[in-house]
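S.K.:
In the UniProt record's numbering, the protein residues as written are 1 to 248.
1. Is there contact here, the region 45 to 63 with the region 163 to 178, by at least three beta-carbon pairs under 8 Å?
2. Is the distance from the Cβ of residue 190 to the Cβ of residue 134 below 8 Å?
3. To which residues does DSSP link residue 228 through a beta bridge?
4. Quick check on the burial criterion: 16 or more other C-beta atoms within 10 angstroms. Buried or exposed for residue 165?
5. Using CA atoms only, rank isn't needed, just tell me which of 38, 21, 37, 81 is closest to residue 48.
6. Leaving out the 5 sequence neighbours to the left and right, which residues in its chain are closer than 6 Å to residue 230 when beta-carbon positions are compared?
7. What does the Cβ neighbour count give for residue 111, buried or exposed, with the cut at 16 atoms within 10 Å?
8. Here's the rule I'm using: 16 or more other beta-carbon atoms within 10 Å means buried, otherwise exposed. How should residue 4 be labelled?
9. DSSP three-state label for residue 36, please.
10. From the DSSP output, in three-state form, read off residue 51 for me.
11. Using the three-state DSSP reduction, which class does residue 57 fall into: helix, strand or coil?
The structure is reproduced here in structure tokens:
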């Protein structure tokens, strides 16, 4: 089966960055940043080898250091596995692909984020229900943020729609093809929510270096496989999670 995507279509391969120091420490990580762990680099390289035979027309990443580091590791391993796969373009980090901004919760314990959600909703909601209420989750956190930096869902939605519309049109203008995107767990979750709310919990957790596919034909974005680890060739150890399930 050919992995080529063309004939006027674009397939986005959207992946979450590798495991980071803050992931292991269960710290809230939105616009703040920490470097990849050795395990994070290892899994990013696994993804690169798994994608060695996939022809990409372009690659993008969030401007967070962890996303840049992940993309570099993916592309390096991909080129080592298949020297002919080296990309002939410069990839530029894009701030529209950043994780949600969590305001005064940034870099704090994950338990503080959990507590803020419990206060805001008036009850301790399970993770799957929080996923179904993503816009409300963002509003609850923004309402309690005293820095004014926490993003509301319409802000996240606007920047993601702007990025994918622009990247999709540019790829179509060049003939279509596959586009690699390295971003963050709640960006992936937001894309799933925006395209098909019935699948927002499929799966419940977005693993590091998992791949979600979205196709674009110039008019419609369609959600394909979600958070797949099949490109890794092996199942990586589960990254340490913030206790109630939020992983950034």
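The beta carbon of each residue, even a glycine, is placed where N, CA and C say it ideally should be. The model shown is predicted, which means the values in this text are computed figures rather than measured ones.
M.R.: Straight from the coordinates:
1. The region 45 to 63 vs the region 163 to 178: in contact.
2. Against a cut-off of 8 Å, the Cβ pair of residue 134 and residue 190 comes out as a contact.
3. Answer by DSSP bridge pairing, in chain order: 211.
4. Around the beta carbon of residue 165, fewer than 16 other beta carbons sit within 10 angstroms, so the residue counts as exposed.
5. Taking the Cα of residue 48 as reference, the smallest distance to any Cα among 38, 21, 37, 81 is reached at 81.
6. Excluding positions up to five away in sequence, the list is empty.
7. When all chains shown are included, residue 111 counts as exposed.
8. Low confidence applies to residue 4: its pLDDT is 49, below 50, so where it sits in the model is not reliable, and the reading given next is rough at best. Taking every protein chain shown into account, the CB of residue 4 has fewer than 16 other CB atoms within 10 angstroms, so this residue is exposed.
9. In this structure, DSSP gives residue 36 an extended state, which the three-state scheme calls strand.
10. Coil.
11. Strand at residue 57.
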